Amino acid sequence: MIVSLIVAYGKDYQIGLNNQMLWHISQDFKNFKKITSGHHILMGRKTFESIGKPLPNRTSLVLSQSTFEYVGVNVYTDLKKAINYAKEKGEKELFIIGGALIYDLAFDLVDRMYVSEVNYEGEADAYFRTYDQGLWNIKEEKFYEEIKEDEEIISPSWVFKVLEKKS
Ligand SMILES: NC(=O)c1ccc[n+]([C@@H]2O[C@H](COP(=O)([O-])OP(=O)(O)OC[C@H]3O[C@@H](n4cnc5c(N)ncnc54)[C@H](OP(=O)(O)O)[C@@H]3O)[C@@H](O)[C@H]2O)c1
61 MIVSLIVAYG KDYQIGLNNQ MLWHISQDFK NFKKITSGHH ILMGRKTFES
111 IGKPLPNRTS LVLSQSTFEY VGVNVYTDLK KAINYAKEKG EKELFIIGGA
161 LIYDLAFDLV DRMYVSEVNY EGEADAYFRT YDQGLWNIKE EKFYEEIKED
211 EEIISPSWVF KVLEKKS
């Protein structure tokens with residue numbers, strides 16, 4: 061089973077503020093849905109609460125050390141147990157979908173990353189870790205233009221990349 065990570069971060073690796081996303085990029089949401097559909101997705105309790113419900117067509121695994129529970133969600137206190145569960149279910153590609161704490165916890169186990177590098181310079185209280193992109197092979201790269209409405213940028217430009225860890 062491949063362990064993948066999917067993240068969208070700003071210029072300083074910002075990923076969230078007040079348990080919310082920092083931008084609205086509808087094509088990025090569509091990509092996220094397409095890439096993760098049919099798979100197990102693993103997230104921290106705070107990210108689950110920010111989404112608010114299990115995402116359809118995916119099996120939600122949530123990490124928590126509190127008494128959190130939610131119908132339709134498998135809760136784990138231990139990262140490796142959650143990963144093993146997906147493996148035992150025959151998953152071929154598990155997705156770590158955040159947030160900051162869970163990306164950090166799982167980073168060394170990740171084989172592939174789907175990253176959206178967003179042209180965003182604003183504030184945040186949650187960050188992705190800085191990492192050396194030289195240690196990863198770029199398998200795919202696509203630039204997306206900003207979207208404007210009445211001269212106002214409603215969706216920033218961004219670059220989507222698929223990175224695979226060099227062996
Ligand atoms: N831009 C993106 O791609 C993206 C993606 C996802 C999330 N986000 C953003 O990231 C932010 C949330 O990140 P976060 O770091 O605050 O929270 P998080 O990683 O989503 O969840 C943290 C929670 O996970 C549980 N946890 C942490 N370490 C654990 C461990 N070792 N074992 C078991 N459970 C553990 C704890 O839950 P308990 O407290 O219940 O014990 C902890 O409070 C939000 O702003 C969200 O919008 C951004």
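Mapping of the sequence shown onto my numbering: residues 61 to 227, in sequence order. Virtual Cβ for every residue (Gly too), placed ideally from N, Cα, C. Only a predicted model underlies this, so the values are computations on that prediction, with no experimental measurement involved.
Does DSSP put residue i in a helix, a strand or coil?
i, result
"Ser-110", "helix"
"Gly-70", "coil"
Regarding residue i and ligand 1, is the C-beta to nearest heavy atom distance less than 8 Å?
i, result
"Met-173", "no"
"Tyr-204", "no"
"Ser-124", "yes"
"Ala-146", "no"
"Asp-192", "no"
"Asn-79", "yes"
"Tyr-130", "no"
"Ile-157", "yes"
"Ile-57", "With the chain covering only 61 through 227, there is no way to say anything about residue 57."
Taking its Cβ as the centre, do 16 or more other Cβ atoms sit within 10 Å of residue i, making it buried, or is it exposed?
i, result
"Gln-125", "exposed"
"Val-131", "exposed"
"Thr-190", "exposed"
"Thr-127", "exposed"
"Gln-80", "exposed"
"Thr-96", "buried"
Considering residue i, what are the terminal residues of the beta strand (DSSP E) in which it resides?
i, result
"Glu-183", "Taken as a continuous stretch (DSSP letters only), Glu-183 belongs to no beta strand (DSSP E), as it is neither H nor E."
"Ser-176", "172-178"
Check whether the Cβ of residue i lies closer than 9 Å to any Cβ atom in chain D.
i, result
"Gly-98", "No chain D appears in this structure, which consists of one protein chain only."
Task: Residue ranges of each beta strand (DSSP E) within the segment 83-127, 3 or longer - done: Taking 3 residues as the shortest admissible run, the segment 83-127 contains the following complete beta strand (DSSP E) segments, listed from N- to C-terminal end: 100-104 and 119-123.
TODO: Jot down the residue ranges of each uninterrupted beta strand (DSSP E) in the segment 126-168, minimum 3 residues, whole runs only, in chain order.
DONE: For the beta strand (DSSP E) assignment, the uninterrupted runs of no fewer than 3 residues enclosed by the segment 126-168 are, from N- to C-terminal side, 133-136 and 153-156.
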